[in-house]
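Residues in the sequence shown are numbered consecutively from 3, following the working numbering. Where is the CB? At the ideal position from N, CA and C, for every residue including glycine.
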Amino acid sequence: MKKVITYGTYDLLHYGHINLLRRAKALGDYLIVALSTDEFNSEKKGKKCYFSYEQRKQLLEAVRYVDLVIPENDWDQKINDVQEFKVDVFAMGSDWEGKFDFLKDYCEVVYFPRTPEISTTQIKQQLGNKEQSND
Ligand code: C2G
3 MKKVITYGTY DLLHYGHINL LRRAKALGDY LIVALSTDEF NSEKKGKKCY FSYEQRKQLL
63 EAVRYVDLVI PENDWDQKIN DVQEFKVDVF AMGSDWEGKF DFLKDYCEVV YFPRTPEIST
123 TQIKQQLGNK EQSND
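Put into structure tokens, the structure is as follows:
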């Protein structure tokens, strides 16, 4: 069984995330998503999520491409994860191009082109603008 892993916050799940998950799963038979915990997001990534870890995990587990969701607590857990789960491929969007090449000693590393025109930040901004215009 060929195992793929990817990492992310996946807040306000959108089609850019789904495009990434679909292509990552197509690289193997089993896709693990290491999902950033609320603590990791707020303390290390400077991200404030709309949905909690549990809610984001529930959404990802409903996606047909995802086989397992594990917590991402730290920037430095990737080598351990790849070894512990016997991962063959590490996949991320191209906004991370090159950042995880150190994993090439442990598995294949693939960066997919980001889906243009969509991001969680953009969704939040546009919703915020709409709210103001409805005031
Ligand atoms: N993504 C994408 N296209 C978009 C938005 C996101 O391909 N329009 C991809 C990102 O490149 C990433 C995944 O979807 O591979 C999840 O995106 P985020 O939740 O923004 O992930 P990020 O916060 O960058 O976390 O240790 C790695 C980090 O946890 C990555």
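Anticipated Cβ contact below 8 angstroms, residue i with residue j, distance rounded
i, j, result
"ASN1", "THR39", "Past the edges of the chain, shown from 3 to 137, lies residue 1, and the structure says nothing about it."
"ALA36", "ALA93", "Between ALA93 and ALA36 the Cβ distance is about 11 angstroms, and since that is not below 8 angstroms, they are no contact."
Any non-hydrogen atom of ligand 2 closer than 6 angstroms to residue i Cβ
i, result
"GLY100", "Absence of ligand 2 from the depicted structure is noted, with ligand 1 being the only ligands included."
Euclidean distance between Cα positions of residue i and residue j
i, j, result
"ASP97", "ASN136", "34 angstroms"
"ASN82", "TYR108", "10 angstroms"
"ASP31", "LYS5", "6 angstroms"
"LEU70", "GLN57", "15 angstroms"
"GLU110", "GLU133", "44 angstroms"
"TYR67", "TRP77", "24 angstroms"
"GLN85", "SER54", "28 angstroms"
Of the listed residues the options, nearest to residue i (C-alpha basis)
i, options, result
"LEU129", "ILE7, ASN43 and TYR52", "TYR52"
"VAL112", "ILE120, LYS101, PRO118 and GLU119", "LYS101"
"LEU29", "ASN43, ILE7 and GLN134", "ILE7"
"LYS59", "LYS126, ILE72, LYS47 and GLN79", "ILE72"
"ASP90", "LYS106, GLN79 and GLU99", "LYS106"
Distance cut-off 6 angstroms: residue i Cβ against heavy atoms of ligand 1
i, result
"ARG116", "yes"
"ILE120", "yes"
"THR11", "yes"
"MET3", "no"
"TRP83", "The residue you asked about is not Trp; residue 83 is Asp in the sequence shown. No - ligand 1 has no heavy atom lying nearer than 6 angstroms to the Cβ of ASP83."
"ASP31", "no"
"SER54", "no"
"ASP103", "no"
Delimiting residues of the beta strand (DSSP E) encompassing residue i
i, result
"LYS5", "5-10"
"ALA64", "It is not in any beta strand (DSSP E) - ALA64 carries neither H nor E in the DSSP assignment."
"LEU33", "32-38"
"GLU74", "70-74"
CB contact below 7 angstroms: residue i versus chain B
i, result
"GLN57", "In the structure shown, chain B cannot be found, because there is only a single protein chain."
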